[in-house]
Structures are given as C-alpha cells and as structure tokens.
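Written out below as structure tokens is the structure these notes cover.
What follows is the structure in structure tokens.
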C-alpha cells in the first residue's frame with residue numbers, strides 16, 4: 003500500500019531540505035496545506051499522526067535520513083535488512099524532501115538508489131521515524 007506525497011503541481015515552501023535533522027520540519031511544512039489527488043491523507047500526515055509502541059512523535063524522514071536508514075538498517079547495512087523494509091514488491095519509500103512542483107526524493111530499498119523524480123501523486127511506502 004502506501005500514500006501520495008501530496009501537493010502535486012505545488013511547491014511547498016520550506017519542505018526541500020535534504021539534510022539529517024530536517025525531516026520533522028519538512029513534515030510540518032508539508033501538512034500545512036497539502037492535499038492528495040485522490041482525497042486520501044498525505045505521506046506526511048500518515049507519519050505525523052502515527053502512534054507506534056506508545057510514541058506519537060513520528061515524522062517523514064528527509065532524503066539524507068532515509069539514506070542513513072538504508073545504510074544502517076536496510077539492505078545497505080552490514081547486518082542486512084534488520085529494519086524489515088520491503089525489498090521486492092514496489093520497495094520505494096518517500097522522503098519528506100521535495101524536489102520541485104511535481105516531485106520528491108524517493109529511496110529504492112532494494113539497492114539504495116535515490117530518485118529525485120518521485121511524482122508526488124504516486125503512491126509509495128512510508129517509514130515513520132522519530133528523534134531519540
């Protein structure tokens with residue numbers, strides 16, 4: 003399954019940071035007035051409203067945060083895919099880092115390839131993260 007990034011054909015001011023530590027602010031910037039093409043909730047809304055293991059401070063990772071996840075707990079990890087990311091069927095994961103009016107950064111969790119053209123109205127997976 004998955005979610006649209008949202009805001010297709012609309013650039014979101016402030017949601018373009020790719021650095022580690024930027025995911026939370028990107029997520030907040032996205033949900034201010036971002037909608038999906040199919041009236042569902044956005045990837046950012048899904049992560050921000052998640053409650054997992056008693057925690058409710060989750061957000062959509064930035065591009066660099068998502069790459070770190072691939073390298074440390076995904077297929078790029080020396081220990082293998084300990085984060086149990088999907089790696090075979092449509093293993094694309096949204097970042098919170100926008101790349102223009104129509105696209106956002108996406109990481110392919112089979113091989114770690116990073117795409118800058120994830121069309122914002124396409125459905126991709128999300129992996130909420132939180133600071134600790």
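Residue numbers (the numbering used here): 3 to 134.
Glycine residues also receive a C-beta, built at the ideal position from the N, C-alpha and C atoms.
DSSP links residue 107 through a beta bridge to no other residue.
Straight-line spacing of the CA atoms in residue 22 and residue 69 works out to 10 Å. In this structure, DSSP gives residue 54 an extended state, which the three-state scheme calls strand. Taken atom to atom, the span from the alpha-carbon of residue 100 to that of residue 5 is near 15 Å. In the three-state reduction of the DSSP assignment, residue 120 falls in the strand class. Ranking 97, 38, 76, 87 by CA distance to the CA of residue 18 puts 97 first. A residue is called buried once 16 or more other Cβ atoms fall within 10 Å of its Cβ, and residue 84, having fewer, is exposed.
By the C-beta density criterion, residue 119 is exposed, having fewer than 16 other C-beta atoms within 10 angstroms.
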